Every structure is written in structure tokens, then in C-alpha cells.
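Here's the structure we're looking at; comments come further down.
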Amino acid sequence: TYQKTVRTGDIGSAYNSTLLVTPDNVDIYVRLEQGLIQPPRGSIFRVNKAMNGLPPSGHQFYNELSSEITAFGFKRSLIDASLYIKTYPDGHYDYIAIYVDDLITSFSYDTDYTSFAEHMRKRFTYKEFDGDFAYLSLHITQLPDFSITVDQRALAENIIELSKMETCTPIGSPVSPSHAGISSQDGD
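Residue numbers (the working numbering): 57 to 244.
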């Protein structure tokens, strides 16, 4: 049994590090909003780098990120394009899951992870977090025995606050089991 360390990583300014290559090499042009700079009247600009909101940007960034991960020996899962798996001769596996520019990794050995993080820093601005961290809306804690807890307490509290329900009285179940139409066998 291998004890895996879970870490998360973030690629800073992900799209800014990605050159824009569109399908069929079509150039994309934009007209700048007033106030950014004072271009000559009627000017348009060709986009060289990927930008948020531009459909080909996400695809191009994913291709570059995928290329770096597979260059490190991982293979993309046939079931889920965001999951990468590396198999070792001794039978252990390491895993990387990506969501846009966020990575969550599970490595058996710290030296393998350190090599991976160094590899990523050669191409991207890569920040890593381990132990107790947030990933998407999940709070993840890895305990000394390598067990992992995952909760969404902060997200739930934020939803309660946004809904202005902080003063509501919480109950275990929204409907009493003695309510008409629910027999005692239904919940057993």
C-alpha cells in the first residue's frame, strides 16, 4: 500500500502564458474600448496571446498544459480528459486532475512530486499548496496518517450568508417523519 500525499497547484496568469493558435490558423482581431489606449480612429488589433472569454483560449491552454503533463510521463485517462495517470514499474500510480488552471495531485513519493513541480515551473508560473487547502469549493485536509477529509462548510456558510439566512434555526430534516403521507417504514 502506498501512502499518497495530496497537493494542489495553481498556474498563475495561465492564458497570458499561452500563444493563441486557432483552428485553421484564423487570426482574431479586437477593437479596443475607449480609455485603454488612444488608438488611431477605426484601428483593430490582432490577438497574439490567449485571453479569458475567447473560445479558442481555453482549448489552447488545455493543449499546452496537457502537453507538459504528458511530457512528464503521465497518460491522459480514456474516461476523463481532466485526469492523468502515471504508472510505475513497481505497480504504484500517481494522479493529476486539472480544472482550467488548477491542479490536484496525488503522488506516492515527495521526490516525484518535487520533480513534477520543477518541470511545471520551467513552462508556467506554478504555485503549490499542501496539507490544508481549498480546491474549487472544497476544503481538503490531509492528516498525518495520510487520510483525507473533504468538506464544503465555507461554501455552505457563504450560501447561507448570501441568502440572508444566518438567523434561521437549523433543523435536522425539513419534513417531520410524522408528517401526513410519510410512514415510519419509508425512512427505514
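Virtual Cβ for every residue (Gly too), placed ideally from N, Cα, C.
Note that the structure is a prediction, hence the values are computed from the model and not measured.
### Task
Give every residue of the same chain whose Cβ lies closer than 7 Å to the Cβ of Ile152, excluding the five residues on either side of it in the sequence, and list them in chain order.
Ile125, Phe130, Tyr140, Leu159 and Thr161
### Task
Check Phe172 in the structure and name its three-state DSSP category.
helix
### Message
Using the Cβ count rule (16 or more neighbours within 10 Å means buried), how would you classify Arg63?
### Response
buried
### Query
Got a sec, what are the start and stop residues for the alpha helix (DSSP H) Arg209 sits in?
Arg209 to Leu218
### Message
Rounding to the nearest angstrom, what Cα-Cα distance links Asp244 and Ile227 in this structure?
### Response
Only weak support exists for where Asp244 lies, its pLDDT of 46 falling under 50; the value from the coordinates is given anyway. Using only the alpha carbons, I get a separation of about 20 Å.
### Selected residue, minimal CA-CA separation from Gly114, among Pro95, Ser69 and Leu218
Nearest option by C-alpha distance: Ser69.
### Query
Among His175, Thr205, Asp157 and Ser193, which has the Cα closest to the Cα of Gly65?
Nearest of His175, Thr205, Asp157 and Ser193 to Gly65, Cα basis: Asp157.
### Outcome for Leu218 when other beta-carbon atoms lying within 10 angstroms are tallied against a minimum of 16
exposed
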